[in-house]
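Here the structure comes first, spelled out in structure tokens, and everything after it is commentary.
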Amino acid sequence: MALGEADAELAWLSKEGYIDAVASEDSDLIVLGAVVVLRNFLHEDNDEKVTVYCAEAIRKHAALGFTDTDFLVIALLVGGDYDDGLKRCGIRIATGLARAGLGHRLLHGLSQSKAADNFLEVWRNELREELRTNDSGHLPSCQPALSNSVPSDFPQLKVINLYRNPLSSKTNPTDLLGCSPNPILLAIFSEENFCWGSTHGILSHFETTIFPGLALDDICRIARETDLGLAKRPCQFIGEVLQRRVPLKARDCPRHPEVKLSLIVSDALVDSIIGSLLGKLNDGETEGRVNEWQLSVFPRMRVWLPIAMIHATFPELIVAAGKKKATRCACMSTGGKAPRASGSMGMPRPLKQKSREDDGAASSSKRPKHNKIVSSTDHFDTINLTTPKPNVLTNKQWNCHNVIDALDLTQSDLEPVTGIPERRYHLDVSDDGHLIEFITDSEGEL
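In structure tokens form, the structure reads like this:
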């Protein structure tokens, strides 16, 4: 948690190299010392394009060449989070004054002078003179009206100090590992301050927000401890990988592949949360709702997390899920049945077998509308597209124009962890009910 403003803390973390970049629409981050800032990343669609600002590139740019002192005086003139700046002073005038050296003279004078107020009066007169005469030639034109409007208290010393020495971990060092949120205190706070603060309301909100947040916090803590060379400990909030999704649409999966994991919260923690509440907003139905939540919702809680985070902390979970998926693929190919766990990386149920007598009944006129995929026990056609001769069919010639359904059983999670080349399995069903299996390489080539 930031000691002061989040922007100041992020800028310090960026400057010290703890983070690679700061994603923000705030223009003060470069002024506060951030090294790399990402902007324009809040797209409604799934566009990955962002605008990247690098402080070093700006300093070295032939047409810009702004230093930290230049950024400071521009922020003071144009305005930012701390004040509104100099009225009617736009960015062109501000950058011109920065190129005239007013920023350098401001900070140099404050560092050398013991009487800050006296020096600021001298600096204001220099500012007014430059605006009136454009002696340096860096302004678009002379600005006599703006010169006459410079207030006698501009710039305020406290605003300068907020930019130069913001409250952050630099001025107040803390343990970078931090501490995890206390869900019991959060529950007490929720009961006292929110209209949904009944026992059932708190558990329902914690199910969708706080408990997934605790899992994410635990994963981040483990990653930080690993970076610091500390012994790896198990995550207490996540179990097995159940499903994987990729960003086909922004509303379905924002920007990155994710995995759904079983969310594990101890009975003791839930009991402690319930026991800490006074029941101020409970009614006659609350107890029954809480019991129903504990019986039906609590055992099946889930959390979506970026797959990259699981790869970095617990890659064995991805490997285990991939092996389970491969086992189900093999069982489906042989017509057998595999035990179905409570989630299996989005795998469909094994295809239902039909008898030989039903082969004729599986025509398009009699095929069940709710399940068009029907396999035949006496015709199983396999095409291995990774072989030099992929057109060899078994049992029955296949007509590509008659395929009516397809299942993508791609196993793509093993390669980043184990180095095993990706294999793609496609199960297609022709209109006469015959199952056909395709196997391609990671490039999808025949």
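For the sequence shown, counting from 1, position 109 maps to 109 in UniProt numbering; every step adds exactly one. Even glycine gets a Cβ: it sits at the ideal position worked out from N, Cα and C.
C-alpha distance - residue i paired with residue j, whole-angstrom precision
i    : j    : result
E113 : F119 : Before going on, a small fix: residue 113 reads as Ser here, not Glu. So the alpha carbons of these two residues sit roughly 7 Å apart.
H18  : W12  : Checking the sequence, you will find Tyr at residue 18 rather than His. In a straight line, the C-alpha of Y18 is about 9 Å away from that of W12.
A6   : A330 : 51 Å
L32  : V303 : 35 Å
S262 : I238 : 6 Å
G101 : D70  : 8 Å
M309 : L64  : 38 Å
L407 : D26  : Per-residue confidence for L407 stands at a pLDDT of 38, beneath the threshold of 50, marking its modelled position as unreliable; the derived number appears in the next sentence. Whole-angstrom Cα-Cα distance: 45 Å.
K323 : L317 : 10 Å
A62  : T51  : 20 Å
E121 : L72  : 18 Å
A8   : L157 : 18 Å
L281 : I184 : 17 Å
N40  : K49  : 8 Å
I222 : G213 : 14 Å
S236 : P257 : It should be noted that the sequence gives Gln, not Ser, for residue 236. Using only the alpha carbons, I get a separation of about 23 Å.
S14  : F189 : 33 Å
R224 : A215 : 14 Å
V265 : L167 : 36 Å
C89  : I74  : 10 Å
R105 : D117 : 15 Å
F211 : A57  : 42 Å
W398 : W196 : Model confidence at W398 stands at a pLDDT of 38, short of 50, so the residue's coordinates are unreliable and nothing is read from them.
G103 : S180 : 42 Å
D271 : R245 : 33 Å
K326 : M332 : It is Ala, not Lys, that sits at residue 326 in the sequence shown. So the two alpha carbons sit approximately 10 Å from each other.
E285 : A268 : 23 Å
D20  : F154 : 35 Å
T209 : C54  : 34 Å
I307 : E240 : 13 Å
V297 : T313 : 27 Å
L186 : V36  : 34 Å
V22  : I91  : 23 Å
S24  : D283 : 43 Å
K260 : P315 : 14 Å
A115 : H108 : 13 Å
T10  : S169 : As written in the sequence, residue 10 is Leu, which differs from the Thr given in the question. Each residue's alpha carbon lies about 10 Å from the other.
E191 : L77  : 46 Å
P299 : T226 : 30 Å
A320 : D217 : 23 Å
Bridge partner(s) assigned by DSSP for residue i
i    : result
E258 : R245, P306
T51  : R39
I238 : L263
A320 : Partner(s): none; A320 has no beta bridge.
V22  : V37
Alpha helix (DSSP H) segment containing residue i, residue limits
i    : result
T199 : 199-205
E225 : 211-227
D283 : D283 -> no alpha helix (DSSP H), and no H or E assigned at all.
V31  : 29-32
E9   : 6-16
D68  : 68-78
F314 : First-last for F314: undefined, no H or E at that position.
F298 : Premise fails: F298 is in no alpha helix (DSSP H) and is neither H nor E.
P181 : Note, P181: premise wrong, no alpha helix (DSSP H); not H, not E.
Exercise for the section: State whether the region 269-278 contacts the region 218-234, with contact taken as three or more CB pairs (one from each stretch) at a distance under 8 Å. Expected result: No, because fewer than three Cβ pairs between the region 269-278 and the region 218-234 fall closer than 8 Å, the two stretches do not touch.
Problem - Cβ contact (3+ pairs, closer than 8 Å) linking the region 144-160 and the region 116-136 - result: Contact holds: three or more Cβ-Cβ distances are below 8 Å.
Practice task
Could you tell me which uninterrupted alpha helix (DSSP H) segments, each at least 4 residues in length, are contained entirely in the region 86-165, listed from first to last along the chain?
Solution key: If we require 4 residues or more, the alpha helix (DSSP H) runs fully inside the region 86-165 come out as 91-99, 102-112, 116-133, 144-148, 157-164.
Practice task
Evaluate contact between the region 87-105 and the region 134-144, counting only Cβ atoms and requiring at least three cross-stretch pairs below 8 Å.
Solution key: Touching, yes, given that three or more Cβ pairs across the two stretches are closer than 8 Å.
Problem - Validate contact between the region 159-169 and the region 78-91 using beta carbons, cut 8 Å, 3 pairs - result: The region 159-169 makes contact with the region 78-91; the number of CB pairs closer than 8 Å reaches 3 or more.
Practice task
Count the CB pairs spanning the region 280-297 and the region 198-209 that are closer than 8 Å, and state whether there are at least three.
Solution key: The region 280-297 is in contact with the region 198-209.
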